[in-house]
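Order-wise, the sequence lines are chains Z and B. Sequence positions in the first sequence follow this note's numbering and run 1 to 246. Sequence positions in the second sequence follow this note's numbering and run 1 to 69.
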Amino acid sequence: MVGKLLLRGMLVGLVAGILAFAFARVYGEPQVDKAIAFEEQQAQAAGEAPEPEMVSRAIQAGIGLATGVLVYGAALGGLFSLVFAYAYGRLGSLGPRGTSALLALLGFLAVIVVPGLKYPANPPAVGNPETIAYRTELFFIMIVISIAAMVAAVGLAQRLWNRLGAWNASIAAALAFLVVFALVKAALPDINEVPESFSATVLWQFRVASLGIQLVLWTVVGLGFGAVVERVVGVRDQRGPARRYA
Amino acid sequence: MSDTTFAPSYGPVAIPVRELLPWAIFGGLLLMLAIYFIGAEEGATSLIRGTYVHEFVHDGRHLLGFPCH
Numbered sequence: 001m002v003g004k005l006l007l008r009g010m011l012v013g014l015v016a017g018i019l020a021f022a023f024a025r026v027y028g029e030p031q032v033d034k035a036i037a038f039e040e041q042q043a044q045a046a047g048e049a050p051e052p053e054m055v056s057r058a059i060q061a062g063i064g065l066a067t068g069v070l071v072y073g074a075a076l077g078g079l080f081s082l083v084f085a086y087a088y089g090r091l092g093s094l095g096p097r098g099t100s101a102l103l104a105l106l107g108f109l110a111v112i113v114v115p116g117l118k119y120p121a122n123p124p125a126v127g128n129p130e131t132i133a134y135r136t137e138l139f140f141i142m143i144v145i146s147i148a149a150m151v152a153a154v155g156l157a158q159r160l161w162n163r164l165g166a167w168n169a170s171i172a173a174a175l176a177f178l179v180v181f182a183l184v185k186a187a188l189p190d191i192n193e194v195p196e197s198f199s200a201t202v203l204w205q206f207r208v209a210s211l212g213i214q215l216v217l218w219t220v221v222g223l224g225f226g227a228v229v230e231r232v233v234g235v236r237d238q239r240g241p242a243r244r245y246a
Numbered sequence: 001m002s003d004t005t006f007a008p009s010y011g012p013v014a015i016p017v018r019e020l021l022p023w024a025i026f027g028g029l030l031l032m033l034a035i036y037f038i039g040a041e042e043g044a045t046s047l048i049r050g051t052y053v054h055e056f057v058h059d060g061r062h063l064l065g066f067p068c069h
């Protein structure tokens, strides 16, 4: 059963990755190119020798980008299916499609949006190579805290469900999540390594494209996975005992 | 009422944790390793010498939102 879910999750993730790659090609690559042009111009102005190109731009923007996004998509789909395998049947009476869609929404918020508000995606030319270890550490700490807060918020909503009703329990849990986010956002150090003369437009469009790629991935996984596992997971119907399609 | 459990008479059936756990551990580790190679190898940490992996997935790494350079 779990193996079937995992396989389907990875396949849906792969499809999501293909669509996200197309999106990244159209909306993301122009911004990467502009950022690299800026980087080269800065290096030239500073009298530095141009960096040797180990992998050509065409490969980076083609097969390299495709590999990155597809592997990421398949891995995301797989991990998503494992979380689904645990959450299904444990989130009230939500069916497979509802569970999948809700998990994708909460996951997108906890893994992408909230950490991204603190440590947003940056194009090439933004970021000091000397602080990469520090920045990577903070980025993952932020994601871990955000996921933990989301799990706690869902638990809180479930606990308050019967007492407050569905709406009020969810609002209370969302507020608790926001409070944690506000505290963590204030407590963790800020990072701003955008060069003074970097185009604000390129930075904005790059970040919107980056968010768009993630939105494509999570939407396709959330809606697609529910659809393909509808007949795999167990349901109990009104008349008889537990029934499994698997 | 022959049903002696507290589970509702209809609705989704949860997968027992002991059935899920081995998949979650081994699958989860492998999948996270894949994300590590796309997102962080030859950046903050490095298992393979050189910068080829980094350069190859460079654009994806930036666009997927990982810290880079």
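Note that CB positions come from ideal geometry on N, CA and C, so glycine has one too.
Residues bridged to residue i [DSSP beta-bridge criterion]
i, result
"Glu-41 (chain B)", "B:Thr-45"
Rounded distance between the beta-carbons of residue j and residue i, thought under 8 Å
i, j, result
"Ile-143 (chain Z)", "Val-113 (chain Z)", "In fact, because the Cβ distance is near 11 Å, the residues do not count as touching under 8 Å."
"His-58 (chain B)", "Gly-64 (chain Z)", "6 Å"
"Ala-16 (chain Z)", "Gly-73 (chain Z)", "5 Å"
"Ala-44 (chain B)", "Ile-147 (chain Z)", "About 19 Å separates the two Cβ atoms, so there is no contact after all."
"Leu-63 (chain B)", "Ser-210 (chain Z)", "5 Å"
Extent of the continuous alpha helix (DSSP H) to which residue i belongs
i, result
"Val-57 (chain B)", "Run containing Val-57 (chain B): none; DSSP gives neither H nor E here."
"Ile-249 (chain Z)", "The structure shown has nothing for residue 249 (chain Z), since chain Z only spans 1 to 246."
"Gly-13 (chain Z)", "2-23"
"Leu-188 (chain Z)", "Premise fails: Leu-188 (chain Z) is in no alpha helix (DSSP H) and is neither H nor E."
"Asn-128 (chain Z)", "Run containing Asn-128 (chain Z): none; DSSP gives neither H nor E here."
"Leu-215 (chain Z)", "200-229"
"Tyr-86 (chain Z)", "65-87"
Cβ-heavy atom distance, residue i to the ligand NAD, below 7 Å
i, result
"Val-220 (chain Z)", "The ligand NAD is not part of this structure, which contains no ligands at all."
Buried/exposed call for residue i, threshold 16 Cβ in 10 Å
i, result
"Asn-192 (chain Z)", "exposed"
"Lys-185 (chain Z)", "exposed"
"Gly-9 (chain Z)", "buried"
"Leu-122 (chain Z)", "Note that residue 122 (chain Z) corresponds to Asn in the displayed sequence, not to Leu. Buried."
"Trp-23 (chain B)", "buried"
Straight-line gap, residue i to residue j (C-alpha atoms, nearest Å)
i, j, result
"Leu-70 (chain Z)", "Ile-18 (chain Z)", "6 Å"
"Arg-135 (chain Z)", "Gln-214 (chain Z)", "20 Å"
"Val-53 (chain B)", "Gly-234 (chain Z)", "42 Å"
"Val-12 (chain Z)", "Pro-120 (chain Z)", "26 Å"
"Arg-61 (chain B)", "Glu-42 (chain B)", "11 Å"
"Pro-16 (chain B)", "Ala-101 (chain Z)", "22 Å"
"Arg-236 (chain Z)", "Phe-26 (chain B)", "29 Å"
"Ile-36 (chain Z)", "Glu-51 (chain Z)", "11 Å"
"Asn-128 (chain Z)", "Gln-158 (chain Z)", "44 Å"
"Ile-59 (chain Z)", "Gln-41 (chain Z)", "22 Å"
Any chain D beta carbon closer than 8 Å to residue i
i, result
"Leu-64 (chain B)", "Included in the structure are the protein chains Z and B, with no chain D among them."
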